[in-house]
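Novice: Can you keep this structure in mind? I'll have questions shortly.
Protein chains: 2
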Amino acid sequence: MSTDHLKSVLKNHNLRVTDCRIDVMEYFLDEKSALSQGDLESKLTGYDRVTLYRTLNNFLESGILHKIPNESGSATYGLCHDTCSPEGHMDNHMHFKCNRCGQIECLDKKTVPEVSLPTGYQVESVNLIVDGVCVKCA
Amino acid sequence: MSTDHLKSVLKNHNLRVTDCRIDVMEYFLDEKSALSQGDLESKLTGYDRVTLYRTLNNFLESGILHKIPNESGSATYGLCHDTCSPEGHMDNHMHFKCNRCGQIECLDKKTVPEVSLPTGYQVESVNLIVDGVCVKCA
DNA sequence: ATAGTTTATGCAACTTAATTGCATTTACTG
DNA sequence: CAGTAAATGCAATTAAGTTGCATAAACTAT
Ligand SMILES: [Mn+2]
Ligand SMILES: [Mn+2]
Ligand SMILES: [Zn+2]
Ligand SMILES: [Zn+2]
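In order, the protein sequences belong to chains A and B. Numbering of the first sequence is given in this note's numbering, commencing with residue 4 and proceeding in unit increments. Numbering of the second sequence is given in this note's numbering, commencing with residue 4 and proceeding in unit increments.
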């Protein structure tokens with residue numbers, strides 16, 4: 004993934020091109036797993052915590068990242084598909100959390116099943132998280 | 004739900020009967036929705052927040068409550084079925100989060116579907132959270 | 001019922017994540 | 001290259017989560 008491509012992704016989402024945003028995007032592309040703010044702070048030590056925090060929020064609002072629900076305290080984020088935008092997220096895939104290594108990954112190939120709810124409930128989005136042991140830790 | 008019954012629930016889970024634990028259980032039974040530690044602190048003002056914190060943890064380990072994954076910072080908890088124990092949780096139902104009122108509720112009647120993962124993944128548990136608009140807010 | 005033992009509670013203190021304001025620097029527009 | 005809008009760094013604040021320890025309460029066994 005070239006830097007020029009990353010720049011065009013940012014521009015397509017109406018975000019200015021900055022070093023921090025490029026580095027954060029590259030980090031997400033390099034890693035297979037979802038990342039938390041703490042992960043960014045450990046890896047990208049050249050940036051202030053608040054800058055990383057705001058980068059995550061900007062990416063979230065722009066549709067570059069999606070937030071993954073979990074049971075632990077800190078939020079984790081995964082890369083969105085190209086089809087995501089501020090208007091809504093289109094990537095309805097499952098997520099997997101390994102109970103050994105703790106990593107959370109996007110199962111892009113696994114779409115979440117349709118759900119039907121009792122009368123009166125309006126469904127807007129569905130999140131499905133599988134816990135278990137990942138391939139590497141098995 | 005009588006207080007005597009609540010006491011027997013505590014004893015069945017090898018927990019001592021205390022005012023705080025009774026009050027917390029009653030609160031969960033009165034509310035239809037899942038609750039966070041902040042909810043307990045607002046409602047049960049007579050107890051220290053550390054005591055409420057430890058009560059939630061004890062109930063979690065004992066199988067009286069289960070933790071519900073979410074995207075916000077603070078954890079939320081729901082009442083377990085009688086079949087849950089420290090050895091494992093047996094209530095594999097969906098959860099619903101209303102984007103209007105923010106409440107999270109257990110859909111006890113809706114069991115999560117079976118999922119099949121790529122080769123090498125070991126599935127231990129599945130969480131399914133539906134976001135949308137609840138009956139009251141529709 | 002009571003003494004002895006175990007557990008729960010309250011309080012203080014600490015860690016960490018999340019969040020905001022503001023001055024300064026940087027990126028974009030023309 | 002100048003002007004404008006946005007991003008960054010730093011300081012400071014809020015809130016959740018967590019632990020240690022002394023005291024109070026719950027249980028157990030006389
Ligand atoms: Mn994902
Ligand atoms: Mn539930
Ligand atoms: Zn693993
Ligand atoms: Zn609602």
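Glycine included, each C-beta is placed from N, C-alpha and C at the ideal position.
1. Going straight from the alpha carbon of B/L38 to that of A/L38, what length do you get?
2. What does B/I132 touch in chain A if you count any residue whose Cβ is under 7 angstroms from its own?
3. Is there at least one non-hydrogen atom of ligand 3 closer than 8 angstroms to the beta-carbon of A/C109?
4. Using alpha carbons as the reference points, say which of B/H16, B/S36, B/T6 and B/N15 lies closest to B/D22.
5. Thinking B/K70 and B/C104 are a contact (beta carbons under 8 angstroms), I'd like their distance in whole angstroms, please.
6. Just to confirm, is the Cβ distance from B/F31 to B/G81 under 9 angstroms?
7. Residues of chain A with a CB under 8 angstroms from the CB of B/V2: which are they?
8. Under 9 angstroms, do A/S77 and A/G41 count as touching if we go by C-beta distance?
9. Please work out which residues of its chain come closer than 7 angstroms, Cβ to Cβ, to B/K113, disregarding the five sequence neighbours upstream and downstream, and give them in chain order.
10. When the Cα of B/N130 is compared with those of B/L63, B/G123, B/P72 and B/L9, which residue comes out closest?
11. In three-state DSSP terms, what is A/N73?
12. Use the C-beta contact count for A/K14: other C-beta atoms within 10 angstroms, 16 or more gives buried, fewer gives exposed.
13. How about A/G41: is its Cβ closer than 8 angstroms to a heavy atom in ligand 1?
14. Taking 9 angstroms as the CB-CB cut-off, is A/L110 touching chain B?
15. Please state whether the Cβ-Cβ distance between B/N2 and A/E127 is less than 9 angstroms.
16. Since A/L47 contacts A/D26 with CB under 8 angstroms, what's their CB separation in whole angstroms?
17. Examine ligand 5 and report whether any of its heavy atoms sits within less than 8 angstroms of the Cβ of B/V118.
18. Is B/A37 close to ligand 2? I mean its beta-carbon at under 8 angstroms from any heavy atom of the ligand.
Specialist: From the atom records:
1. Each residue's Cα considered, the two are about 27 angstroms apart.
2. Chain A residues near B/I132: P72 and N130.
3. Answer for A/C109: no, Cβ out of range of ligand 3.
4. Distances from the alpha-carbon of B/D22 to those of B/H16, B/S36, B/T6 and B/N15 put B/T6 closest.
5. Their Cβ separation, rounded to whole angstroms, is 21 angstroms, which puts B/K70 and B/C104 out of contact at 8 angstroms.
6. Taking the C-beta atoms as reference points, B/G81 is found nearer than 9 angstroms to B/F31.
7. Any answer about residue 2 of chain B is impossible in this case: the structure gives chain B only from 4 up to 141.
8. Yes. Within cutoff.
9. Closer than 7 angstroms at Cβ, skipping near neighbours: H96 and M97.
10. Put simply, of B/L63, B/G123, B/P72 and B/L9 the residue whose alpha carbon is nearest the alpha carbon of B/N130 is B/P72.
11. Strand at A/N73.
12. It is exposed - the Cβ of A/K14 has fewer than 16 other Cβ atoms within 10 Å.
13. Not so, every heavy atom of ligand 1 lies at least 8 angstroms from the Cβ.
14. Proximity of A/L110 to chain B, defined by a Cβ-Cβ separation below 9 angstroms, is satisfied.
15. The structure shown does not extend to residue 2 of chain B, since chain B is modelled only from 4 through 141, so no value can be given for it.
16. Rounded, the Cβ-Cβ distance is 5 angstroms, consistent with contact.
17. Ligand 5 is not part of the structure shown, which contains ligand 1, ligand 2, ligand 3 and ligand 4 as its ligands.
18. Taking non-hydrogen atoms of ligand 2 into account, the C-beta of B/A37 is found less than 8 angstroms away from one of them.
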